[in-house]
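Enquirer: Take a look at this one; I'll ask things after.
2 protein chains.
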Amino acid sequence: MTQPRPNTFDPASLKFDDRGLIPAIAQDHGSGEVLMMAWMNAASVAETLASGRVTYWSRSRGELWRKGETSGHIQRLVEMRLDCDRDCLLVIVEQTGPACHTNRRSCFFTAVSDGMETELSKPEF
Amino acid sequence: MTQPRPNTFDPASLKFDDRGLIPAIAQDHGSGEVLMMAWMNAASVAETLASGRVTYWSRSRGELWRKGETSGHIQRLVEMRLDCDRDCLLVIVEQTGPACHTNRRSCFFTAVSDGMETELSKPEF
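Chains as they are written, first to last, in our numbering: chain W, 5 to 129; chain D, 5 to 129.
In structure tokens form, the structure reads like this:
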């Protein structure tokens, strides 16, 4: 007999790239705004789920990046989702303060239209 | 005298990875739902802007992927945005039909909670 396929989640079942990383998109729970995209490794996925605080992998520093640890601009995890190919994550979050290091709410504050760049928002402080 | 910094957009000013690719997140213009994440190269960025039809780079096929060319599930570009580091794109789209190859509206149809995976939506057909 075929065993029913268990639906327990194992971070190792995700498809990480050759650096051991997976892209993670952060979306604001309230507004639906896409706030940022950063990277996670298996340890940061596990820590995010265990702590309820979104934790990325800093490629520049080569260490776990507990979002907001320095700035206070933390992301509380509302829900983690994965895509059909298991190679991208969507984290729905409650964002304290700006998500962007430029102190804008979202990192995606530059629009392109008619061959020009337009700044959509200013720093909050 | 300092020249004013032009704000014309040049796809070559984006930060592509060592494969020449940049992640592109597609978000539904109407609902704000995050639909999918795929990759673009400089040529697909340029074609997306020129045609108004979202065009990715297929890593598996090694060719331009004009989203919906086979399925009819096209993405009309409403706005392209780039992030603070210029290494990720957000395309706001009008999606015809499902975005996911599984015929679900969004690729992010699996949620993780309490160590279990939950299916959030069914195929539309």
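Think of the CB as a built atom: it goes at the ideal place given N, C-alpha and C, for glycine as much as any other residue.
Got a sec: is the Cβ-Cβ distance from residue 46 of chain D to anything in chain A below 8 Å?
Expert: Of the protein chains in this structure, namely W and D, none is chain A.
Enquirer: For residue 45 of chain W, does the count of other Cβ atoms within 10 angstroms reach 16, so buried, or fall short, so exposed?
Expert: In the first sequence, the residue the question calls residue 45 of chain W occupies position 41. Result: buried.
Enquirer: Alpha carbon to alpha carbon, how far is residue 81 of chain D from residue 128 of chain D? Give it in angstroms, no decimals.
Expert: Walking along the second sequence from the start, residue 128 of chain D turns up at place 124. Walking along the second sequence from the start, residue 81 of chain D turns up at place 77. So the two alpha carbons sit approximately 23 Å from each other.
Enquirer: Check whether the segment 110-118 of chain W touches the segment 88-108 of chain D, counting contact only when three or more Cβ pairs, one atom from each stretch, lie closer than 8 Å.
Expert: Output reads yes: the segment 88-108 of chain D touches the segment 110-118 of chain W.
Enquirer: Thinking residue 48 of chain D and residue 18 of chain D are a contact (beta carbons under 8 Å), I'd like their distance in whole angstroms, please.
Expert: Position 44 of the second sequence, counting from 1, holds the residue named residue 48 of chain D. Position 14 of the second sequence, counting from 1, holds the residue named residue 18 of chain D. Contact doesn't hold; Cβ gap of about 11 Å is too wide.
Enquirer: From W:42, W:88 and W:99, pick the residue whose C-alpha is nearest to that of residue 75 of chain W; which is it?
Expert: Counted from its first residue, the first sequence places residue 75 of chain W at position 71. Answer by Cα proximity: W:99.
Enquirer: To the nearest angstrom, how far is it from the Cα of residue 31 of chain D to the Cα of residue 85 of chain D?
Expert: Locating residue 31 of chain D in the second sequence gives position 27, counting from the first residue. Locating residue 85 of chain D in the second sequence gives position 81, counting from the first residue. Cα to Cα, residue 31 of chain D sits roughly 11 Å from residue 85 of chain D.
Enquirer: Counting only C-beta atoms, is residue 119 of chain D closer than 8 Å to chain W at any point?
Expert: Position 115 of the second sequence, counting from 1, holds the residue named residue 119 of chain D. Judged by the 8 Å Cβ criterion, residue 119 of chain D is in contact with chain W.
Enquirer: Could you compute how far the alpha carbon of residue 22 of chain D sits from the alpha carbon of residue 15 of chain W?
Expert: Stepping through the second sequence from its first residue, residue 22 of chain D is reached at position 18. Stepping through the first sequence from its first residue, residue 15 of chain W is reached at position 11. Roughly 26 Å separates the two Cα atoms.
Enquirer: Using only the alpha-carbon positions, how far apart do residue 50 of chain W and residue 118 of chain W sit?
Expert: Walking along the first sequence from the start, residue 50 of chain W turns up at place 46. Walking along the first sequence from the start, residue 118 of chain W turns up at place 114. Their backbone Cα atoms lie some 43 Å apart in a straight line.
Enquirer: Quick check on residue 123 of chain W: does DSSP put it in helix, strand or coil?
Expert: Indexing the first sequence from 1 puts residue 123 of chain W at position 119. Three-state DSSP puts residue 123 of chain W in a strand.
Enquirer: Quick one: residues in its chain with C-beta nearer than 7 Å to the C-beta of residue 60 of chain W, no 5 flanking neighbours on either side, listed in chain order?
Expert: Position 56 of the first sequence holds residue 60 of chain W. The residues are 28, 42, 43, 44, 48, 69 and 71.
Enquirer: Which partner residues does residue 12 of chain D have in the DSSP bridge list?
Expert: Residue 12 of chain D sits at position 8 when you count from the first residue of the second sequence. W:120.
Enquirer: Do you know offhand how far residue 36 of chain W's Cα is from residue 63 of chain W's?
Expert: Looking up residue 36 of chain W in the first sequence gives position 32. Looking up residue 63 of chain W in the first sequence gives position 59. If I take the Cα positions, the gap works out to 26 Å.
Enquirer: Where does residue 120 of chain W land, buried or exposed, given buried means 16+ other C-beta within 10 angstroms?
Expert: On the first sequence, residue 120 of chain W is found 116 positions in, with the first residue counted as 1. Exposed, because fewer than 16 other Cβ atoms sit within 10 Å of the Cβ of residue 120 of chain W.
Enquirer: I believe residue 38 of chain W touches residue 38 of chain D by the beta-carbon criterion, under 8 Å. Please report the beta-carbon distance rounded to the nearest angstrom.
Expert: Looking up residue 38 of chain W in the first sequence gives position 34. Looking up residue 38 of chain D in the second sequence gives position 34. The pair is a contact, with the Cβ atoms about 7 Å apart (cut-off 8 Å).
Enquirer: Using beta carbons (cut-off 8 Å, strictly below), is residue 83 of chain D in contact with chain W?
Expert: Start at 1 with the first residue of the second sequence, and residue 83 of chain D comes out as number 79. Cβ-Cβ to chain W under 8 Å: yes for residue 83 of chain D.
Enquirer: Alpha carbon to alpha carbon, what distance is there between residue 89 of chain D and residue 20 of chain D?
Expert: Your numbering for residue 20 of chain D matches position 16 in the second sequence. Your numbering for residue 89 of chain D matches position 85 in the second sequence. Rounded to whole angstroms, residue 20 of chain D to residue 89 of chain D spans 11 Å at the Cα level.
Enquirer: Below 8 Å on the Cβ atoms is my contact criterion, and I expect residue 33 of chain D with residue 97 of chain D to pass it. Report the Cβ-Cβ distance as a whole number of Å.
Expert: As a working note, residue 33 of chain D is residue 29 in the second sequence. As a working note, residue 97 of chain D is residue 93 in the second sequence. With a Cβ gap of about 6 Å, residue 33 of chain D and residue 97 of chain D count as contacting.
Enquirer: May I ask you to list the residues that DSSP assigns as paired with residue 59 of chain W?
Expert: The residue you call residue 59 of chain W lines up with position 55 of the first sequence. Partner(s): W:70.
Enquirer: What are the boundary residues of the beta strand (DSSP E) that residue 27 of chain W is part of?
Expert: On the first sequence, residue 27 of chain W is found 23 positions in, with the first residue counted as 1. Residues 26-32.
Enquirer: Taking 8 Å as the CB-CB limit, is residue 87 of chain W close to chain D?
Expert: Within the first sequence, numbered from 1, the residue matching residue 87 of chain W stands at position 83. Yes, contact with chain D.
Enquirer: Figure out for me which residue from W:105, W:12 and W:66 has the closest Cα to the Cα of residue 24 of chain W.
Expert: Within the first sequence, numbered from 1, the residue matching residue 24 of chain W stands at position 20. Closest option to residue 24 of chain W, Cα to Cα, is W:66.
Enquirer: Does residue 11 of chain D come within less than 8 Å of chain W when only Cβ atoms are used?
Expert: By one-based count along the second sequence, residue 11 of chain D stands at place 7. Judged by the 8 Å Cβ criterion, residue 11 of chain D is in contact with chain W.
Enquirer: For residue 54 of chain W, does the count of other Cβ atoms within 10 angstroms reach 16, so buried, or fall short, so exposed?
Expert: For the purposes of this step, residue 54 of chain W is taken as residue 50 along the first sequence, with counting starting at 1. Answer is exposed; the Cβ neighbour count stays below 16.
Enquirer: Note down the Cα distance separating residue 26 of chain W from residue 26 of chain D, rounded to an integer number of angstroms.
Expert: For the purposes of this step, residue 26 of chain W is taken as residue 22 along the first sequence, with counting starting at 1. For the purposes of this step, residue 26 of chain D is taken as residue 22 along the second sequence, with counting starting at 1. Computed Cα separation, rounded: 14 Å.
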